[in-house]
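In the numbering used here, the protein residues as written are 1 to 307.
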Amino acid sequence: MSYQYIYEATLPLDTETYVKRDADDQLYNGLKQGKFCCVFNSRKTGKSSLRVQVVNRLQNEEFKNEEFICIEIDFSQKGTTSTTAEKWYNSLILDFKKKIKLDINIKTWLNAHDWLSPLDRFAEFIDTIVLPQTSKKIIVFFDEIDSLLSLNFLTDDLFSYIRSWHNQGQSGEKNYQRLTCCLLGTATPSDLIQDKNRTSFNIGEEIELKPFNIQQVERLEKGFEGKVDHPLKVLEQILSWTGGQPFLTQKLCKLALDQITETSNLNLDELVNSQILKNWEVHDNPEHLRTIRDRILKDEKSSGRLL
């Protein structure tokens, strides 16, 4: 198989073009130590790809007397404005049941607890079913948390509940000392909590996702080896255009490799102008720049800050 630069979606676990950054070790070590962690950054900066890599490390490396269960929940796949709170929280319960392989009839359990509110039912499930049935450490990855804004019910209570995991662990509840989480998204919980009188979501170690630097992207040379005289020089030129932005870096690497394959030549400046800058809306596939533009125009406050 030829060397592939992938920019269309979350990078597969075994891809050769995944670029490791300081955030990889910071998130891995933080979660391993039981810390609540947060990864907040703009779109297409590698948050979900980072999650995939860290989950693999946690679940497959050997630790002394430690085992981890990682539960990955992508909120963007959890429903739209038509989803009810009951169905939404029940789907979270089902995710936990499947991942931990709990010995329980979910339908029977839900029917027996239908007098509880959707969130209280989820909390009861964690407290009385999930934690007692496993002695392993549980790390929950909540990805795309900004998708909560598209729901037609408030999720403020969810963040208060997640904070309670941390608080109970800090107060000595041993089961909750085994439960931690990682939040990933473009918006912070404080941005998503609509009731500003609530206590802010002030827990968690924030992991900074920095742009790629030339030392980190050296592994991307492989795609250009044997095709250009100085692969590292090509990468330096690519980074000068992209500023190390992960999506744009992978995309420009792919465009450059395609041009070399088709023409045996590379004019990077011309390539950027023709395939990215000129008629950019036509070439913005998968959509990236248009989403940024639309979000800026939609939010006048954001527009003011950015301008």
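Heads up, the beta-carbon is just placed ideally off N, CA and C, and yes, glycines get one too.
So what's residue i in DSSP terms, helix, strand or just coil?
{"i": "residue 214", "result": "coil"}
{"i": "residue 122", "result": "helix"}
{"i": "residue 134", "result": "coil"}
{"i": "residue 140", "result": "strand"}
{"i": "residue 106", "result": "helix"}
{"i": "residue 127", "result": "helix"}
{"i": "residue 19", "result": "coil"}
{"i": "residue 40", "result": "strand"}
{"i": "residue 277", "result": "helix"}
{"i": "residue 74", "result": "strand"}
{"i": "residue 67", "result": "coil"}
{"i": "residue 283", "result": "Low confidence applies to residue 283: its pLDDT is 48, below 50, so where it sits in the model is not reliable, and the reading given next is rough at best. Helix at residue 283."}
{"i": "residue 225", "result": "strand"}
Leaving out the 5 sequence neighbours to the left and right, which residues in its chain are closer than 7 Å to residue i when beta-carbon positions are compared?
{"i": "residue 228", "result": "234, 260 and 266"}
{"i": "residue 154", "result": "194"}
{"i": "residue 214", "result": "235, 236 and 239"}
{"i": "residue 76", "result": "144 and 147"}
{"i": "residue 251", "result": "7"}
{"i": "residue 68", "result": "58, 59, 136, 137 and 139"}
Kindly identify the DSSP beta-bridge partner or partners of residue i.
{"i": "residue 232", "result": "Bridge partners of residue 232: none, in fact."}
{"i": "residue 253", "result": "Its beta-bridge partners do not exist; DSSP assigns none."}
{"i": "residue 205", "result": "37"}
{"i": "residue 180", "result": "139"}
{"i": "residue 185", "result": "40"}
Using CA atoms only, rank isn't needed, just tell me which of the options is closest to residue i.
{"i": "residue 148", "options": "27, 273, 190 and 255", "result": "190"}
{"i": "residue 158", "options": "134, 174 and 181", "result": "181"}
{"i": "residue 186", "options": "146, 209 and 199", "result": "146"}
{"i": "residue 52", "options": "18, 24, 13 and 68", "result": "13"}
{"i": "residue 18", "options": "45, 39 and 26", "result": "45"}
{"i": "residue 36", "options": "197, 167 and 42", "result": "167"}
{"i": "residue 188", "options": "203, 73 and 92", "result": "203"}
{"i": "residue 131", "options": "169, 150, 151 and 156", "result": "169"}
{"i": "residue 89", "options": "29, 217 and 122", "result": "122"}
{"i": "residue 242", "options": "272, 225 and 231", "result": "272"}
{"i": "residue 25", "options": "42, 118, 56 and 43", "result": "56"}
{"i": "residue 160", "options": "183, 124, 198 and 172", "result": "198"}
Tell me, to the nearest whole angstrom, how far the beta carbon of residue i is from that of residue j; I am working on the premise that it is less than 8 Å.
{"i": "residue 245", "j": "residue 34", "result": "The pair is not a contact, with the Cβ atoms about 32 Å apart (cut-off 8 Å)."}
{"i": "residue 102", "j": "residue 133", "result": "6 Å"}
{"i": "residue 209", "j": "residue 20", "result": "Not confirmed; about 12 Å, so no contact."}
Using a Cβ-Cβ cut-off of 8 Å (strictly less than) and excluding sequence neighbours within five positions of residue i, which residues of its own chain qualify?
{"i": "residue 71", "result": "95, 96, 99, 100, 138, 139, 140 and 141"}
{"i": "residue 5", "result": "17, 220, 223, 250, 251, 253, 254 and 257"}
{"i": "residue 119", "result": "85, 89, 157, 158 and 161"}
Residues in the same chain with beta-carbon distance under 6 Å from residue i, minus the five sequence neighbours each way, listed in chain order, please.
{"i": "residue 206", "result": "38"}
{"i": "residue 200", "result": "190"}
Is the closest heavy atom of the ligand SAM to the C-beta of residue i under 8 Å?
{"i": "residue 108", "result": "Absent from the structure shown: the ligand SAM. Ligands present: none."}
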